[in-house]
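Heads up: the sequence lines are chains A and B, in that order. Per our numbering, the very first residue in the first sequence carries number 4; after that it's consecutive. Per our numbering, the very first residue in the second sequence carries number 12; after that it's consecutive. Using N, Cα and C, we set each Cβ at its ideal position, and we do this for glycine too. Predicted, not measured: the structure shown is a model, and the values here were computed from it.
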Amino acid sequence: EAQVTQNPRYLITVTGKKLTVTCSQNMNHEYMSWYRQDPGLGLRQIYYSMNVEVTDKGDVPEGYKVSRKEKRNFPLILESPSPNQTSLYFCASSLHFLPPDTQYFGPGTRLTVL
Amino acid sequence: QKEVEQNSGPLSVPEGAIASLNCTYSDRGSQSFFWYRQYSGKSPELIMFIYSNGDKEDGRFTAQLNKASQYVSLLIRDSQPSDSATYLCAVTTGGGNKLTFGTGTQLKVEL
Numbered sequence: 004e005a006q007v008t009q010n011p012r013y014l015i016t017v018t019g020k021k022l023t024v025t026c027s028q029n030m031n032h033e034y035m036s037w038y039r040q041d042p043g044l045g046l047r048q049i050y051y052s053m054n055v056e057v058t059d060k061g062d063v064p065e066g067y068k069v070s071r072k073e074k075r076n077f078p079l080i081l082e083s084p085s086p087n088q089t090s091l092y093f094c095a096s097s098l099h100f101l102p103p104d105t106q107y108f109g110p111g112t113r114l115t116v117l
Numbered sequence: 012q013k014e015v016e017q018n019s020g021p022l023s024v025p026e027g028a029i030a031s032l033n034c035t036y037s038d039r040g041s042q043s044f045f046w047y048r049q050y051s052g053k054s055p056e057l058i059m060f061i062y063s064n065g066d067k068e069d070g071r072f073t074a075q076l077n078k079a080s081q082y083v084s085l086l087i088r089d090s091q092p093s094d095s096a097t098y099l100c101a102v103t104t105g106g107g108n109k110l111t112f113g114t115g116t117q118l119k120v121e122l
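Given below as structure tokens:
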């Protein structure tokens, strides 16, 4: 089954404790992206990757890191999480950036930073 | 001014009616426009995209684009209770490699 998986789905952590949210797709997609979704602010792009070893900042990259060492994986790293990073995070992928290649979203990771 | 603006709603329509959702954007260089549907607690799913001025129809959905006025709209004909969701407008920005979303419009289709 074609899908984007994220782990963990739920995470409660404390300020300053490094964490990684994994994202994996099994569709051989070139484009992958991370978003955060907050009430009243909508979906905001954190980082995106056009292909392996090619990453770029989205609209809200501060406090986040990413890597794209292989095509299928695009982990999101929070080196020193803070409470303002409490949010719902989505990973997405598509064969290329624009349709008709549909962008598939993962199920989401709800992160709480205390 | 936000890059992509939508009325948050809720927009309530009776079953069988036409629901009209609107979106305006500020980047005149934007080339591609998308509508996503997001059910509560779920991830967004793409329902329509449009590149050219005018209308694009797909089943009960019609996307309308007017680049001169910088707005894009989504019409849902014969609205069903299953259409009740939040509809997100998204626009390519930053030279085309970034996707900027509006905050979404909540649609409620009432029996």
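Please compile the residues from chain B whose C-beta is within a distance smaller than 7 Å of the C-beta of F93/A.
Neighbours of F93/A on chain B, chain order: S54.
Look at G109/A and Q6/A and say whether their C-beta atoms are less than 9 Å apart.
For the pair G109/A and Q6/A, the CB atoms are nearer than the 9 Å cut-off.
Within this structure, are the beta carbons of S54/B and F93/A separated by less than 9 Å?
In this structure, F93/A lies closer than 9 Å to S54/B by Cβ.
Are there 16 or more other CB atoms within 10 angstroms of the CB of K21/A, so buried, or fewer, so exposed?
Counting the other Cβ atoms within 10 Å of the Cβ of K21/A gives fewer than 16, which makes it exposed.
So, at 6 Å on beta carbons, what are the nonlocal neighbours of A135/A in its own chain, with the 5 sequence-adjacent residues on each side left out?
In the structure displayed, chain A extends from 4 to 117; residue 135/A sits before or after that span and is not available.
Beta carbons nearer than 8 Å to chain A: which residues of the segment 66-90 of chain B have them?
Those residues of the segment 66-90 of chain B that come within reach of chain A (Cβ to Cβ, closer than 8 Å) do not exist; the list is empty.
Tell me whether S70/A sits in a helix, a strand or coil according to DSSP, three-state version.
Three-state result, S70/A: coil.
For chain A, is any of its Cβ atoms less than 9 Å away from the one on L110/B?
Yes, because at least one Cβ of chain A sits closer than 9 Å to the Cβ of L110/B.
Please confirm whether A101/B has its beta-carbon closer than 9 Å to some beta-carbon of chain A.
Chain A, which has a Cβ nearer than 9 Å to the Cβ of A101/B, makes this yes.
How about D59/A and S52/A: do their beta carbons lie closer than 9 Å?
For D59/A and S52/A, yes; Cβs fall inside 9 Å.
Bridge partners for I80/A per DSSP, in chain order?
BP columns for I80/A point to T23/A and K68/A.
How many angstroms separate the CA atom of D89/B from the CA atom of T114/B?
Rounded to the nearest angstrom, the two C-alpha atoms are 25 Å apart.
Local Cβ density within 10 Å of Q17/B, reported as buried at 16 or more and exposed below that:
Buried, by the Cβ-count rule.
So the candidates are R75/A, Y34/A, N54/A and E65/A; which of them puts its Cα closest to the Cα of L101/A?
That would be Y34/A, whose Cα lies nearest to the Cα of L101/A.
Could you tell me the boundaries of the beta strand (DSSP E) in which K119/B lies?
It spans T116 to E121 - the beta strand (DSSP E) in which K119/B sits, taken as one unbroken run.
If G61/A and Y50/A are in contact, beta carbons under 8 Å, what's the gap, nearest whole angstrom?
Yes, G61/A and Y50/A are in contact; Cβ-Cβ is about 6 Å, under 8 Å.
Report the rounded CA-to-CA distance for Q28/A versus G107/B, giving the unit in angstroms.
Counting only the Cα atoms, G107/B lies some 23 Å from Q28/A.
Residue range of the beta strand (DSSP E) that R60/A falls in?
A small correction: the amino acid at residue 60/A is Lys; Arg does not occupy that position in the sequence shown. Taken as a continuous stretch (DSSP letters only), the beta strand (DSSP E) holding K60/A covers V57 to K60.
Counting only beta-carbon separations shorter than 9 Å, does T114/B have a partner in chain A?
By the rule that beta-carbons nearer than 9 Å mark a contact, T114/B touches chain A.
Considering only residues of the same chain and omitting the five flanking positions on each side of T23/A, which have a CB-CB separation below 6 Å?
So the list reads P78 and I80, once near-sequence residues are dropped.
Residues of the segment 30-47 of chain B with a CB closer than 9 Å to any CB of chain A: list them in chain order, please.
Within the segment 30-47 of chain B, the residues whose Cβ lies closer than 9 Å to some Cβ of chain A are Q42, S43, F45 and Y47, listed in chain order.
Extent of the continuous beta strand (DSSP E) run through S84/B
DSSP places S84/B inside the beta strand (DSSP E), whose first and last residues are Y82 to I87.
For the segment 23-38 of chain A, enumerate the residues whose C-beta is nearer than 7 Å to any C-beta of chain B, in chain order.
Cβ contacts with chain B: none found.
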